[in-house]
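Novice:
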Amino acid sequence: MTTSAKSAKTAQKKAAPADSAAGHPAAPGTGTPAALGFRMPAEWAPQTAVWLSWPHKYESWPGKFRPVPYLFSRIVTAISQREEVRINCAARLQARAAKLCAKAGADMARVTFYDHPTNDAWCRDHGPIFVKHRQTGEVALTDWAYNAWGDKYPPYDLDNEIPPSIGRALGLRRFGKNDMVLEGGSIDVNGEGLLLTSEQCLLNKNRNPHLTKEQIEQNLRDYLGVTQILWVGDGIVGDDTDGHIDDMTRFYKPDGFITCVEPATHDKNHAILAENLERLKSFRTPAGGKFDIVELPMPRPFGFQRQRVPASYANFLIINGAVLVPTFRQNKRDREACQIIASCFPDREVVPIDCYHLIWGLGTLHCISQQQPA
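Below you can see the structure in the form of structure tokens.
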């Protein structure tokens, strides 16, 4: 590694060990991550690093791109105070990005740039989904097909190369490429066998028209080590990802959900979120009990050029010792959301991050990040 910009690191590409599961999805139950003892940890489990993809696509924030790299640098700063930050960033952009992060106060000894060019900045969805071995603690990655949310925003060829590039850079075992389209923002897990997702996204014909619901569920079991899939219905208004769960409902403990609600009955989100809340109330834990449910009010709706943005406090990011919470310059509602989220994570610091500009790209903190478990 070489150092630059006050100890920011630039990782050099290196070959990873051959991985027996790379290239093709394994047959159900044979050689799959789950069969080999791997599972996806909950987000609150200890982390080695958080991955980001440095923003550069002006079209993702039309007319509003200028502040976005500065906001990313503040997010890097908040994360680097607690753990490593690993950034996919084309070599030509690294010096500028490192300078911004250093100026924002990031701990640059904990920031590493990887020469992994991308089409866009949404690492939650184009990045790998990490899994961890139950006994040995080995960390591996699963590599799923990615089509930019139903082929909405081509090209995405570079984004599809991010999981194998990360696997090579870290020397990690890679399971895939799985031919099932799956974005990290479309699922949430409790680390103990449960996975939460939405029908609007995973059953959407713009993702996996060749797969039945049962086949999708089996793939999730085989590759993420879950045993039960919980389905809500539709996603919030303005969400171009077709109903990602990380804008609606999240696990905050193995038997607890924090879920968005919209008190205003005239708002289109009211009925959507009320229906999802009823489903959550009907779910039962593996032991047969009810889940604890914490309601999280939505921010006031706002948008740009008659397009409503999917602003949601549920798009928080859990890191070591803290929860980064998106805020939207709505003082009263922002404070209330931070207080509610703090009540769910009493042992973590709640760090509000102004995402007023970031949300014009139709996503915030969780959408741009992907945690790597320790």
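Sequential numbering of the sequence shown, starting at 51, is according to the numbering used here. Here a beta-carbon is modelled for each residue, glycine too, at the ideal position from N, C-alpha and C.
1) Over what stretch of residues does the alpha helix (DSSP H) that includes N319 continue unbroken?
2) Over the uninterrupted beta strand (DSSP E) stretch that includes N228, give me the two end residues.
3) Any contact between the segment 264–272 and the segment 340–357? By contact I mean 3 or more CB pairs, one from each, below 8 Å.
4) From C310 to A361, what does the alpha carbon distance come to, in whole angstroms?
5) Buried or exposed: which applies to Y164, given that a residue is buried once 16 or more other Cβ atoms fall within 10 Å of its Cβ?
6) Let me check understanding here. Comparing Cα to Cα, which of R224, M230, R184, P167 lies closest to Y196?
7) Within the same chain, show all residues whose beta-carbon is closer than 7 Å to that of Y406, passing over the 5 residues directly before and after it, in chain order.
8) If you count every other CB in all the chains shown that lies within 10 Å of the CB of Y108, and 16 or more means buried, which is it?
9) Considering Cα atoms alone, identify which of A198, V189, W199, Y203 is closest to F225.
10) Closer than 7 Å by C-beta to P204: which residues in its own chain qualify, once you throw out the five before and the five after it? Chain order, please.
11) With 16 other CB atoms within 10 Å as the buried threshold, where does H74 fall?
12) With a threshold of 16 other CB atoms inside 10 Å of the CB of Q389, please say whether the residue is buried or exposed.
13) Enumerate in chain order the residues of its own chain whose CB-to-CB distance from K153 is below 8 Å, with the five nearest sequence positions on each side excluded.
14) Can you list the beta strand (DSSP E) stretches of 3 or more residues lying completely in the segment 359–417, in chain order?
15) Starting from D193, trace the alpha helix (DSSP H) both ways and give me its first and last residue.
16) Name the residue from F180, A148, L102 whose alpha carbon lies nearest to the alpha carbon of P96.
17) Beta carbon of V118, beta carbon of L346: below 8 Å?
18) Distance, Cα to Cα, A71 vs P178?
19) Around the Cβ of G187, are there at least 16 other Cβ atoms within 10 angstroms (buried) or fewer (exposed)?
20) In angstroms, rounded to a whole number, what distance separates the CA positions of L222 and S248?
21) May I have the straight-line CA-CA distance separating L244 from Q278, to the nearest angstrom?
22) Expressed to the nearest angstrom, what Euclidean distance is found between the alpha-carbon atoms of D397 and G371?
23) Inspect the beta-carbon positions of E93 and Q421 and report whether they are closer than 8 Å.
24) At the level of alpha carbons, what is the spacing between T335 and D305?
25) Cα separation between G339 and N240?
26) Which residues in the same chain as P91 place their Cβ atom closer than 6 Å to its Cβ, once the five residues preceding and following it in sequence are excluded?
27) Could you give the first and the last residue of the continuous alpha helix (DSSP H) run that contains E264?
Specialist: In short:
1) For N319, the uninterrupted alpha helix (DSSP H) run begins and ends at 318–332, by DSSP.
2) Start and end: 224–231.
3) Contact fails: fewer than three Cβ-Cβ distances are below 8 Å.
4) Approximately 11 Å between the Cα atoms of the pair.
5) By the neighbour-count rule (16 or more Cβ atoms within 10 Å), Y164 is buried.
6) Measuring C-alpha to C-alpha distances from Y196 to each of R224, M230, R184, P167 identifies M230 as the nearest.
7) For Y406, where only same-chain residues beyond five positions count, the Cβ hits under 7 Å are F378, R379.
8) When all chains shown are included, Y108 counts as exposed.
9) Of A198, V189, W199, Y203, the residue nearest in Cα terms is V189.
10) Scanning its chain for C-beta atoms nearer than 7 Å, with the 5 sequence neighbours on each side dropped, one finds around P204 the residues A198, in chain order.
11) Note that H74 scores 38 on pLDDT, short of 50, meaning its location in the model is unreliable and no value can be drawn from it.
12) By the neighbour-count rule (16 or more Cβ atoms within 10 Å), Q389 is not buried but exposed.
13) Answer for K153: S123, listed in chain order.
14) Within the segment 359–417, the complete beta strand (DSSP E) runs of at least 3 residues are 367–369, 372–377, 399–404.
15) Looking at the DSSP string, D193 is not in any alpha helix (DSSP H); the run it does join, the beta strand (DSSP E), is 189–195.
16) Closest in alpha carbon position to P96, among F180, A148, L102, is F180.
17) Taking 8 Å as the Cβ cut-off, V118 and L346 do not qualify as a contacting pair.
18) Note that A71 has pLDDT 42, beneath the 50 cutoff, so the model's placement of it is unreliable and no number is given.
19) Burial call: exposed.
20) Taking the straight line from one Cα to the other gives about 30 Å.
21) C-alpha separation (whole angstroms): 5 Å.
22) Spanning the two alpha carbons is a distance of roughly 7 Å.
23) In contact: E93 and Q421 (Cβ atoms closer than 8 Å).
24) Each residue's Cα considered, the two are about 7 Å apart.
25) C-alpha of G339 to C-alpha of N240: approximately 15 Å in a straight line.
26) Only K182, G241, P423 meet the Cβ criterion.
27) Counting along the chain, the alpha helix (DSSP H) containing E264 begins and ends at 263–274.
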